[in-house]
Amino acid sequence: MATLKRMREEAALTLDEVAYACGVRRQAVWLWEQGKNRPNPSHRRKLATVFHCTPREILEAIEEGQRKEDDSVWAVA
């Protein structure tokens, strides 16, 4: 399953481009990709438009990114 970051990279978009399309700052997109924050439903719809997918697929990508972040925290311990 793809993460939000992978979706962005496959679309060949920068953090700035995605941020502009969503009407947020670059840091917000980075936090979404890192699983440290979640976009609200409005931003998920905008991300779905940017990545040509459904809002549900965006939510699944965010959840996958959070799982990977959680796994990496435990792997270090």
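Sequential numbering of the sequence shown, starting at 947, is according to our numbering.
Yeah, the Cβ is synthetic: ideal placement off N, Cα and C, and Gly gets one too.
From a predicted model like this one, the values you see are computed outputs, not experimental measurements.
Note that the C-beta distance between residue 964 and residue 996 is below 9 Å.
Only exposed fits residue 955, as fewer than 16 other CB atoms lie within 10 angstroms of its CB. Sixteen is the threshold: since fewer than 16 other Cβ atoms of the shown chains lie within 10 Å of the Cβ of residue 1002, the residue is exposed.
Inter-residue distance for residue 986 and residue 958 is about 23 Å (C-alpha atoms, whole angstroms). The Cβ neighbour count for residue 990, taken over all protein chains shown within 10 Å, is at least 16; the residue is labelled buried.
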